[in-house]
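Asker: Below is a structure I'd like to ask you about.
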Amino acid sequence: MSLGPQAQANLEQKTVLITGASAGIGEAIAREFVEAAGGNIRLVLAARRADRLAELSRQLKQSGAQVHTAELDVSDRAKINAFFAALPPDYRNIDVLVNNAGKALGVEHAGNIRDEDVEEMFSTNVIGLIKMTQTVIRGMKERNSGDIVQVGSIAGIESYPGGSIYCATKSAVRSFTQAIRKELISTRIRVMEIDPGAVETEFSLVRFGGDATKASKVYEGYEPLSAKDIADVVVFNCSRRANVVVAESVVFPTAQAGSYHRHRSEPREGTEKN
Ligand SMILES: NC(=O)c1ccc[n+]([C@@H]2O[C@H](COP(=O)([O-])OP(=O)(O)OC[C@H]3O[C@@H](n4cnc5c(N)ncnc54)[C@H](OP(=O)(O)O)[C@@H]3O)[C@@H](O)[C@H]2O)c1
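In structure tokens, the structure reads:
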């Protein structure tokens with residue numbers, strides 16, 4: 008999406024670090040930054056699936072972007088330390104951090120939730136996000152500039168049955184984000200949160216342990232958002248002039264008005280799903 012010359016100028020030559028860039032919303036955000044900056048941008052793309060990042064990097068470089076990819080599991084503190092230590096010098100001053108890596112696992116009710124799932128959701132969605140933020144924020148404070156984008160969820164605003172742990176992680180993201188926005192009030196660092204509703208990505212496939220039938224049911228009977236819809240908003244927000252902070256963006260498809268409030272009917276013929 009072209010956002011016009013001023014927005015493009017606001018993004019050009021920035022260094023953008025995106026976690027969870029190997030799929031879904033993170034991948035779309037990477038593509039969108041490159042397009043909106045006319046290729047004049049530096050990206051650090053991180054996720055566990057390095058092969059996917061390599062392919063994405065190859066494509067983005069064709070559009071003129073400079074790209075560094077790194078295998079990273081944000082739930083592992085030691086790996087985060089090693090990741091930052093290994094950043095090439097040109098990629099060390101992060102202007103925009105997009106904390107996107109995250110997941111929901113299962114739909115069990117409390118009492119039946121696996122301890123491992125609780126731990127993985129919290130260590131990825133919360134502890135990893137906090138560690139990434141804390142590490143990057145130090146340089147941003149020194150330079151007195153930077154954007155922090157937290158990918159939250161409507162689940163962090165409105166909890167739903169079967170999502171207790173996921174909702175709790177996204178609420179934690181929200182609380183952390185609101186606090187740091189206040190802590191950084193005297194700086195030029197912008198703290199932004201985006202809270203999507205239903206977006207059709209690999210999210211539900213991961214949630215249901217690879218069961219494609221269960222995953223596709225989540226998006227039946229209405230038109231969900233696409234990853235690009237969210238990426239458009241993230242990049243728009245980051246391309247505002249430095250004095251403008253789009254602090255919170257809740258983004259739904261038209262058939263949704265809350266975590267659990269979805270209008271489902273038969274998909275209309277000819278309606279694209281993404
Ligand atoms: N889809 C939705 O409806 C929706 C709605 C609201 C919020 N969100 C949020 O949006 C974000 C992106 O989700 P998505 O919908 O794009 O799902 P997705 O298609 O499953 O993508 C998730 C991304 O996170 C990465 N990831 C997972 N665990 C990781 C880890 N431990 N370390 C590093 N990267 C990890 C995955 O890459 P690897 O597997 O290669 O590591 C992948 O790139 C998440 O925070 C999610 O909670 C999604």
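Taking the numbering used here, the leading residue of the sequence shown gets 8, the next gets one more, and so forth.
Ideal placement from N, C-alpha and C gives every residue a C-beta, glycine not left out.
#1: Within this structure, are the beta carbons of Arg271 and Glu227 separated by less than 8 angstroms?
#2: Once the 5 residues before and after Lys235 are set aside, which same chain residues still bring their CB inside 6 angstroms of it?
#3: Taking just the CA atoms, how far does Ile196 sit from Lys21?
#4: Using only CA atoms, which one of Val251, Cys245, Glu255 and Leu232 lies nearest to Arg269?
#5: Is any heavy atom of ligand 1 found at a distance shorter than 7 angstroms from the C-beta of Glu209?
#6: Should Lys110 be listed as close to ligand 1, given that the test is whether its C-beta is under 7 angstroms from any heavy atom?
#7: Count the other CB atoms, across all protein chains shown, that sit within 10 Å of the CB of Ser193; report buried if there are 16 or more and exposed otherwise.
#8: Would you check if the distance between the CB atom of Gly27 and the CB atom of Asn107 is smaller than 8 angstroms?
#9: Between which residues of its own chain and Asn143 is the CB-CB distance below 8 angstroms, once the five residues before and five after are set aside?
#10: Taking only three categories from DSSP, how would you classify Asn244?
#11: So does Ile144 have its beta carbon nearer than 7 angstroms to some heavy atom of ligand 1?
#12: Determine the DSSP secondary structure at Val133, reduced to helix, strand or coil.
#13: Measuring from the CB of His241, is there a heavy atom of ligand 1 at a distance below 7 angstroms?
Answerer: The short version:
#1: yes
#2: Ala35
#3: 14 angstroms
#4: Of the candidates Val251, Cys245, Glu255 and Leu232, the one whose C-alpha sits nearest the C-alpha of Arg269 is Leu232.
#5: Yes, the Cβ of Glu209 comes within 7 angstroms of a heavy atom of ligand 1.
#6: Checking the Cβ of Lys110 against ligand 1 gives yes.
#7: exposed
#8: Result yes, Cβ atoms of Gly27 and Asn107 sit closer than 8 angstroms.
#9: The amino acid occupying residue 143 in the given sequence is Val; Asn does not appear at that position. Excluding sequence positions up to five before and after Val143, its CB lies within less than 8 angstroms of the CB of Leu24, Ile101, Leu104, Gly153 and Ile155, all in the same chain and listed in chain order.
#10: Helix at Asn244.
#11: no
#12: Three-state result, Val133: helix.
#13: In the sequence under discussion, the amino acid at residue 241 is Val, which differs from the His named in the question. Incorrect: Val241 has no Cβ contact closer than 7 angstroms to ligand 1.
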